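Protein sequences appear in the order of chains A and B.
Under my numbering, the first residue of the first sequence is numbered 307, with each subsequent residue one higher.
Under my numbering, the first residue of the second sequence is numbered 5, with each subsequent residue one higher.
Following: one structure in structure tokens, then a few remarks.
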Amino acid sequence: MESSSIDVSIADAEATRIDPPAARRALLQVEDLSVRFRTRGPSRAVVHAVTDVSVEIAPGETLGLIGESGSGKSTVARAVSQLLRGQRVQVTGSISLDGVRLDQLSKRELRAQRHRMQMIFQDPNDALDPRMTVGQSIEEPLRILGRTGGDQLGATVERALDTVGLAPAMAARRPHELSGGQRQRVNIARAMALEPQLVLCDEVVSALDVSIQADILNLLAAFQRERHVAYLFISHDLGVVASVSHRIGVMYLGRLVEVGTTSQVVRTPRHPYTEALLSAEPEAVPSRLRARTRIILDGDIPSPIDPPSGCGFRTRCRYAQDRCEAEVPPLTPGPDGHLVACHFADELHLSGRAVPGGR
Amino acid sequence: MIGEPLLEVRDLSITFRTPAGVAQAVTGSSFTIAPGERVGMVGESGSGKSLTGLSLLGLLPPAAEVSGEVLLDGRNLLATPERELRAVRGREVSMIFQEPMTALDPVFTVGQQISATFRAHRGVGRAEAKRRAIDLLGEVGIPEPARRFREYPHQLSGGMRQRAMIAMALVCEPRLLVADEPTTALDVTIQAQVLELIAQLSRDRGTAVLLITHDLGVVAETCDRVLTMYAGQIVERCSTDDALEFPRHPYTSGLLAAIPRPGVAAEDLRSIPGRVPSPVDLPPGCRFGPRCDHHQPRCDEAQELTEAAPGRWVRCCRHAELDLPGAVEMIG
Numbered sequence: 307m308e309s310s311s312i313d314v315s316i317a318d319a320e321a322t323r324i325d326p327p328a329a330r331r332a333l334l335q336v337e338d339l340s341v342r343f344r345t346r347g348p349s350r351a352v353v354h355a356v357t358d359v360s361v362e363i364a365p366g367e368t369l370g371l372i373g374e375s376g377s378g379k380s381t382v383a384r385a386v387s388q389l390l391r392g393q394r395v396q397v398t399g400s401i402s403l404d405g406v407r408l409d410q411l412s413k414r415e416l417r418a419q420r421h422r423m424q425m426i427f428q429d430p431n432d433a434l435d436p437r438m439t440v441g442q443s444i445e446e447p448l449r450i451l452g453r454t455g456g457d458q459l460g461a462t463v464e465r466a467l468d469t470v471g472l473a474p475a476m477a478a479r480r481p482h483e484l485s486g487g488q489r490q491r492v493n494i495a496r497a498m499a500l501e502p503q504l505v506l507c508d509e510v511v512s513a514l515d516v517s518i519q520a521d522i523l524n525l526l527a528a529f530q531r532e533r534h535v536a537y538l539f540i541s542h543d544l545g546v547v548a549s550v551s552h553r554i555g556v557m558y559l560g561r562l563v564e565v566g567t568t569s570q571v572v573r574t575p576r577h578p579y580t581e582a583l584l585s586a587e588p589e590a591v592p593s594r595l596r597a598r599t600r601i602i603l604d605g606d607i608p609s610p611i612d613p614p615s616g617c618g619f620r621t622r623c624r625y626a627q628d629r630c631e632a633e634v635p636p637l638t639p640g641p642d643g644h645l646v647a648c649h650f651a652d653e654l655h656l657s658g659r660a661v662p663g664g665r
Numbered sequence: 005m006i007g008e009p010l011l012e013v014r015d016l017s018i019t020f021r022t023p024a025g026v027a028q029a030v031t032g033s034s035f036t037i038a039p040g041e042r043v044g045m046v047g048e049s050g051s052g053k054s055l056t057g058l059s060l061l062g063l064l065p066p067a068a069e070v071s072g073e074v075l076l077d078g079r080n081l082l083a084t085p086e087r088e089l090r091a092v093r094g095r096e097v098s099m100i101f102q103e104p105m106t107a108l109d110p111v112f113t114v115g116q117q118i119s120a121t122f123r124a125h126r127g128v129g130r131a132e133a134k135r136r137a138i139d140l141l142g143e144v145g146i147p148e149p150a151r152r153f154r155e156y157p158h159q160l161s162g163g164m165r166q167r168a169m170i171a172m173a174l175v176c177e178p179r180l181l182v183a184d185e186p187t188t189a190l191d192v193t194i195q196a197q198v199l200e201l202i203a204q205l206s207r208d209r210g211t212a213v214l215l216i217t218h219d220l221g222v223v224a225e226t227c228d229r230v231l232t233m234y235a236g237q238i239v240e241r242c243s244t245d246d247a248l249e250f251p252r253h254p255y256t257s258g259l260l261a262a263i264p265r266p267g268v269a270a271e272d273l274r275s276i277p278g279r280v281p282s283p284v285d286l287p288p289g290c291r292f293g294p295r296c297d298h299h300q301p302r303c304d305e306a307q308e309l310t311e312a313a314p315g316r317w318v319r320c321c322r323h324a325e326l327d328l329p330g331a332v333e334m335i336g
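Here you go:
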């Protein structure tokens, strides 16, 4: 892992205590992140899970990551949270949180930083210990951080439950006594009790019924308003991502293929994969508002063990030309800062979703 | 344009005895599906939609107590002996599920399973069954069908397994296809392929489809009509466009306001307060009443599904006076 010029500029900003006026300093800065796994079994194949991903998240901002299975979006979150330190995985690139290079910290040093960054997962059951009461689950990380003060801990738990709209009596319950929505609230309470600056949300509403989903999304939005917390929000659901995110990154086969404001990506996509994704996402609107021809992509997503040469999407892209097979298109900014990795982005006229308002 | 119904469900109720009391999983469901028609059944977990689907094939768990009629071409499947039902399943009515591995056997090749089904129902020879199976794998969009015929389910991708299951469900050209969350586990671009395939089958072959899903978007893209289920009852039954644009039941309207969509900020999504009632302890009146913004004392009496306009049925005594927001209001 090489030290880049970014670190120097952060150090400068820190020394003078002024943020660069043009670009507000990022809370999270991911530079050239690549993640490779080696599979088990005789083939010992290399899985290119994430390749050259660079993203930034400002304080209080939500960056949504959208993509299908094998796109690498969850792997990005795991790499950011330093959960990928193992033998069969190779992580390169730099990950800085508020100027601290997380990838260079020892496990012990990392533990001291943990409270600044929390993660919430899809399955609320996985994250809660079935033997512990809700109160104990919320207390545990606070105790590890030494934020305990005898009986005042009970008050902290009560306050944490209150922030997610759960009654104090819930503290005595065990996970199996709660509904899916309540369990996800407990997970949020547990994460937020540590007052993190960044929360990584991986498919946090995917397992929930739609009316409960809305509840949880409301709650996350309220936390952001009140505490200025930043989110890296990962979901396969375009509607969910668009409703919470200021900016959206689209991933395909381990690479970021497009990054822009939510409105840019949804209304005026610049990558053919984004266009297809927007077109495929079912819309709960009457047919008179759905007067569009759907783009049905052929075939499956290629294997990250043996990705196609050049552009990863070219095997399913209806605009592909010879150049797409030969060269990997770099992620390049357009005039309005809208990034796209497509050789023909300036020539294509892609259709997005006609949406009113938006973020 | 809708001809004689192929399927007519009359007053279907499904209950279970539990230690806590009688669980009313489905209560008084009535609906029809015509040949070539695609009907969506939408609702959240525990609304009774999957049990309704299973009842159409006589596949309810033994503990279930069922009443009412499930008429397929006038023949009541609920009164048909199991031995005769076996001939109906696969040949007349087929079902596909969210998880293809519930239907595909991991120890047989995809081809063996499809051709065995065909031979069992049609009594054709091995070679004929094989040819038919390969044709069908090609028809559902599986590339290199002759090669895939010899492969085991685990060798296929998720989307291809789903297609293989659909091929198996279609091998005998059933007249009714019950699809329970058929695309929920699939990626969105693969979902689009599978939904297109289902729509095409019903158009080309006149297959009637009951599509069970939690996703109103999937219904909107695929179905002519929709049945909205809440706590075991159909609360609204109408054309898909009517449900989306002018919902007459507060629950349908509530679902539409809760769906996250581009252009609607997370803080503006409206959740439905409270929780689905327990099937052993249902409210005596409107089952949605305790969660409804429009609740009045007369809602505490049992609600009937009534015809509000031609083809438009609602289980809400206030339907005529309420002006409920639909999808168009949500997107501004």
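Cβ coordinates follow ideal geometry from the N, Cα and C atoms, glycine included.
Note that the structure is predicted; figures quoted are calculated from it, not measured.
task: Over the uninterrupted alpha helix (DSSP H) stretch that includes Met169 of chain B, give me the two end residues.
output: Along the second sequence, read from residue 1 onward, the residue named residue 169 of chain B stands at position 165. Per DSSP, Met169 of chain B belongs to the alpha helix (DSSP H) from Gly162 to Leu174.
- prompt: Residues in the segment 570 to 593 of chain A with C-beta within 8 angstroms of chain B's C-beta atoms, listed in sequence order?
  reply: Val572, Ala582, Leu583, Ser585, Ala586, Glu587, Pro588, Glu589, Ala590, Val591, Pro592 and Ser593
task: Determine the DSSP secondary structure at Glu69 of chain B, reduced to helix, strand or coil.
output: By 1-based counting over the second sequence, the position of residue 69 of chain B is 65. Correct three-state label for Glu69 of chain B: strand.
field: C-alpha gap between Arg209 of chain B and Gly40 of chain B, whole angstroms
entry: Locating residue 209 of chain B in the second sequence gives position 205, where the first residue counts as 1. Locating residue 40 of chain B in the second sequence gives position 36, where the first residue counts as 1. Taking the straight line joining both Cα atoms gives about 7 angstroms.
task: Give every residue of the same chain whose Cβ lies closer than 6 angstroms to the Cβ of Ser375 of chain A, excluding the five residues on either side of it in the sequence, and list them in chain order.
output: Start at 1 with the first residue of the first sequence, and residue 375 of chain A comes out as number 69. Closer than 6 angstroms at Cβ, skipping near neighbours: no residue.
message: Mapping the DSSP letters down to three states, classify Phe153 of chain B as helix, strand or coil.
response: By 1-based counting over the second sequence, the position of residue 153 of chain B is 149. In the structure shown, Phe153 of chain B sits in a helix (DSSP, three-state: H, G or I).
field: Simplified DSSP assignment, three categories, for Ala497 of chain A
entry: Locating residue 497 of chain A in the first sequence gives position 191, counting from the first residue. Ala497 of chain A: helix per DSSP, three-state reduction.
task: Measure the alpha-carbon distance for Gln372 of chain B versus Gln159 of chain B and round it to whole angstroms.
output: Missing from the structure shown is residue 372 of chain B; chain B here goes from 5 to 336 and no further.
message: Please confirm whether Ala196 of chain B has its beta-carbon closer than 8 angstroms to some beta-carbon of chain A.
response: Looking up residue 196 of chain B in the second sequence gives position 192. Yes, because at least one Cβ of chain A sits closer than 8 angstroms to the Cβ of Ala196 of chain B.
- request: Mark Met105 of chain B as exposed unless 16 or more other C-beta atoms lie within 10 angstroms of its C-beta, in which case mark it buried.
  value: As a working mapping, residue 105 of chain B is identified with position 101 in the second sequence. By the neighbour-count rule (16 or more Cβ atoms within 10 Å), Met105 of chain B is not buried but exposed.
task: Could you check how far apart the C-beta atoms of Thr211 of chain B and Pro178 of chain B are, in whole angstroms? I think they sit under 8 angstroms.
output: Residue numbering aside, residue 211 of chain B sits at position 207 when the second sequence is read from its first letter. Residue numbering aside, residue 178 of chain B sits at position 174 when the second sequence is read from its first letter. Indeed, because the Cβ distance is near 7 angstroms, the residues count as touching under 8 angstroms.
message: I'd like to know whether the C-beta of His542 of chain A is nearer than 8 angstroms to at least one C-beta of chain B.
response: Numbered from its first residue, the first sequence carries residue 542 of chain A at position 236. True, the Cβ-Cβ gap to chain B drops below 8 angstroms.
message: By the 7 angstroms beta-carbon criterion, what residues does the segment 365 to 392 of chain A contribute toward chain B?
response: Under the 7 angstroms Cβ criterion, the segment 365 to 392 of chain A contributes Glu374 and Ser375.
query: With 8 angstroms set as the bound, which would you pick, yes or no: does the beta-carbon of Pro327 of chain A sit closer than that to a beta-carbon of chain B?
result: Locating residue 327 of chain A in the first sequence gives position 21, counting from the first residue. Its pLDDT being 39, under 50, Pro327 of chain A is placed unreliably in this model, and the value from its coordinates should be taken loosely. No, because no Cβ of chain B sits closer than 8 angstroms to the Cβ of Pro327 of chain A.
field: Three-state secondary structure assigned by DSSP to Gly115 of chain B
entry: As a working note, residue 115 of chain B is residue 111 in the second sequence. Helix at Gly115 of chain B.
message: So, for Ala328 of chain A: in the same chain, excluding its five sequence neighbours on each side, which residues have a beta-carbon less than 6 angstroms away from its beta-carbon?
response: The count along the first sequence starts at 1 and reaches residue 328 of chain A at position 22. Its pLDDT being 41, under 50, Ala328 of chain A is placed unreliably by the model, and the measurement read from it follows with that caveat. So the list is empty, once near-sequence residues are dropped.
- prompt: Taking the alpha carbon of Leu371 of chain A as the point to measure from, which residue in A:Phe619, A:Ala548, A:Ser609 and A:Arg624 has its own alpha carbon closest?
  reply: The count along the first sequence starts at 1 and reaches residue 371 of chain A at position 65. In terms of Cα proximity to Leu371 of chain A, the closest of A:Phe619, A:Ala548, A:Ser609 and A:Arg624 is A:Ala548.
Residues bridged to Asn80 of chain B [DSSP beta-bridge criterion]: Numbered from 1 along the second sequence, position 76 holds the residue referred to as residue 80 of chain B. DSSP lists B:Leu75 as partners of Asn80 of chain B.
- prompt: Is the CB-CB distance between Tyr234 of chain B and Gly47 of chain B below 8 angstroms?
  reply: Taking the first residue of the second sequence as position 1, residue 234 of chain B is located at position 230. Taking the first residue of the second sequence as position 1, residue 47 of chain B is located at position 43. Closer than 8 angstroms, so yes.
- request: Return no unless some Cβ of chain B is closer than 8 angstroms to the Cβ of Leu603 of chain A.
  value: Working through the first sequence from its first residue, we reach residue 603 of chain A at position 297. It does: the Cβ of Leu603 of chain A has a partner Cβ on chain B nearer than 8 angstroms.
message: Determine whether the beta carbon atoms of Leu645 of chain A and Gly545 of chain A lie at a separation below 8 angstroms.
response: Locating residue 645 of chain A in the first sequence gives position 339, counting from the first residue. Locating residue 545 of chain A in the first sequence gives position 239, counting from the first residue. Taking C-beta atoms as the reference points, Leu645 of chain A and Gly545 of chain A fail to come closer than 8 angstroms.
- request: Mark Val130 of chain B as exposed unless 16 or more other C-beta atoms lie within 10 angstroms of its C-beta, in which case mark it buried.
  value: Start at 1 with the first residue of the second sequence, and residue 130 of chain B comes out as number 126. First, the residue type needs correcting, since residue 130 of chain B is Arg and not Val in the sequence shown. Exposed.
query: Using a Cβ-Cβ cut-off of 7 angstroms (strictly less than) and excluding sequence neighbours within five positions of Val353 of chain A, which residues of its own chain qualify?
result: As a working mapping, residue 353 of chain A is identified with position 47 in the first sequence. Taken in chain order, the residues that qualify are Arg342, Phe343, Thr345, Pro610 and Ile611.
query: Along chain A, in chain order, which residues have C-beta atoms closer than 8 angstroms to that of Asp191 of chain B?
result: Position 187 of the second sequence, counted from the start, is the residue given in the question as residue 191 of chain B. What Asp191 of chain B touches in chain A: Glu374, Ser375, His542 and Ile607.
- prompt: Can you round the beta-carbon distance between Arg619 of chain A and Pro578 of chain A to whole angstroms, since I take them to be within the 8 angstroms contact cut?
  reply: On the first sequence, residue 619 of chain A is found 313 positions in, with the first residue counted as 1. On the first sequence, residue 578 of chain A is found 272 positions in, with the first residue counted as 1. According to the sequence shown, residue 619 of chain A is Phe rather than Arg. Contact flag correct, Cβ pair sits at about 7 angstroms.
message: For Arg350 of chain A, tell me which candidate among A:Ala332, A:Val395, A:Asp429 and A:Val361 has the shortest Cα-Cα distance.
response: The residue given as residue 350 of chain A occupies position 44 in the first sequence. Measuring from the Cα of Arg350 of chain A, the nearest candidate turns out to be A:Val395.
query: The beta strand (DSSP E) with Gly32 of chain B in it runs from where to where?
result: As a working note, residue 32 of chain B is residue 28 in the second sequence. Looking at the DSSP string, the run of the beta strand (DSSP E) that includes Gly32 of chain B is Gly25 to Ile37.
field: Residues near Val284 of chain B by beta carbon distance below 7 angstroms, same chain, minus five either side
entry: As a position in the second sequence, residue 284 of chain B is number 280, starting the count at 1. Result list for Val284 of chain B: Thr22, Ala24, Gly25, Val26 and Ala27, in chain order.
query: Is the segment 471 to 491 of chain A in contact with the segment 413 to 425 of chain A, if contact means three or more CB pairs nearer than 8 angstroms?
result: no
query: Would a check of beta-carbon distances place Glu200 of chain B closer than 8 angstroms to chain A?
result: Walking along the second sequence from the start, residue 200 of chain B turns up at place 196. So yes, Glu200 of chain B belongs to the interface.
Chain B residues whose Cβ lies nearer than 8 angstroms to that of Leu538 of chain A: Walking along the first sequence from the start, residue 538 of chain A turns up at place 232. Per Cβ cutoff of 8 angstroms: no residues; Leu538 of chain A is ~15 angstroms from chain B at best.
task: Kindly say whether Ala626 of chain A, judged by its beta-carbon, lies nearer than 8 angstroms to any beta-carbon of chain B.
output: Residue 626 of chain A sits at position 320 when you count from the first residue of the first sequence. No, no contact with chain B.
- prompt: Along chain B, in chain order, which residues have C-beta atoms closer than 7 angstroms to that of Asn524 of chain A?
  reply: Here the question's residue 524 of chain A lines up with position 218 in the first sequence. Those within 7 angstroms of Asn524 of chain A in chain B are Ala270, Glu271, Leu273 and Ser275.
message: Bridge partners for Asp508 of chain A per DSSP, in chain order?
response: Working through the first sequence from its first residue, we reach residue 508 of chain A at position 202. In the DSSP output, where bridge partners are listed per residue, Asp508 of chain A has A:Ile540.
query: Looking only at its own chain, which residues have a Cβ that is under 6 angstroms from the Cβ of Cys290 of chain B, when we skip the five neighbours before and after it?
result: Residue numbering aside, residue 290 of chain B sits at position 286 when the second sequence is read from its first letter. Closer than 6 angstroms at the Cβ level, and outside the excluded window around Cys290 of chain B, lie Cys303 and Gln307.
- prompt: Enumerated in chain order, which unbroken segments of the beta strand (DSSP E) with a length of 3 residues or greater are wholly contained in the segment 568 to 614 of chain A?
  reply: none
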